[in-house]
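Below: one structure, written as structure tokens.
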Amino acid sequence: MPEITDAAPALTRKDFISDQDVRWCPGCGDYAILATLQNVLPKLEIPRQNYVFISGIGCSSRLPYYMETYGFHSIHG
-13 MPEITDAAPA LTRKDFISDQ DVRWCPGCGD YAILATLQNV LPKLEIPRQN YVFISGIGCS
47 SRLPYYMETY GFHSIHG
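Take the sequence shown: its position 76, counted from the start at 1, is 62 in the numbering used here, and no numbers get skipped.
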């Protein structure tokens, strides 16, 4: 008889890609950081609901919009 488990399906890179268009300038280093996070996070096998990305101001601070996780984009100060 097959074993029944409650295991969630394994996450992939696509699970961490949002439907938002990335608005960084061509050649911006932020693309490399975003791609690295989207490649590494599935390998950690931590559920997406356990992630939150918090950002301040500036172009790089749009990162939470581009991740399919919880996020908070705020001003500083």
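Quick reminder that beta carbons are idealized off the backbone N, C-alpha and C, glycines included. Just so we're clear, the structure is a prediction, and the values are computed from it rather than from any experiment.
Just confirm the distance between the C-beta atoms of residue i and residue j, as a whole number of angstroms; I'd bet it's less than 8 Å.
| i | j | result |
| --- | --- | --- |
| R48 | L(-3) | Between L(-3) and R48 the Cβ distance is about 22 Å, and since that is not below 8 Å, they are no contact. |
Which same chain residues end up closer than 6 Å to residue i when comparing Cβ atoms and leaving out the 5 residues on each side of it in sequence?
| i | result |
| --- | --- |
| I40 | F58 |
| L27 | F2 |
Should residue i be labelled buried (16 or more other beta-carbon atoms within 10 Å of its own) or exposed?
| i | result |
| --- | --- |
| Y52 | buried |
| Q6 | exposed |
Leaving aside the five residues before and after residue i along the sequence, list all residues of the same chain whose C-beta is less than 7 Å from its C-beta, in chain order.
| i | result |
| --- | --- |
| S4 | Y51, Y52, M53 and E54 |
| R9 | R48 |
| S46 | D16 |
My output table needs one value for residue i: the three-state DSSP class, helix, strand or coil.
| i | result |
| --- | --- |
| V8 | coil |
| S41 | strand |
Start and end of the alpha helix (DSSP H) containing residue i?
| i | result |
| --- | --- |
| D16 | D16 to L30 |
| P50 | L49 to Y52 |
Output the boundary residues of the beta strand (DSSP E) element that contains residue i.
| i | result |
| --- | --- |
| F58 | Y56 to H59 |
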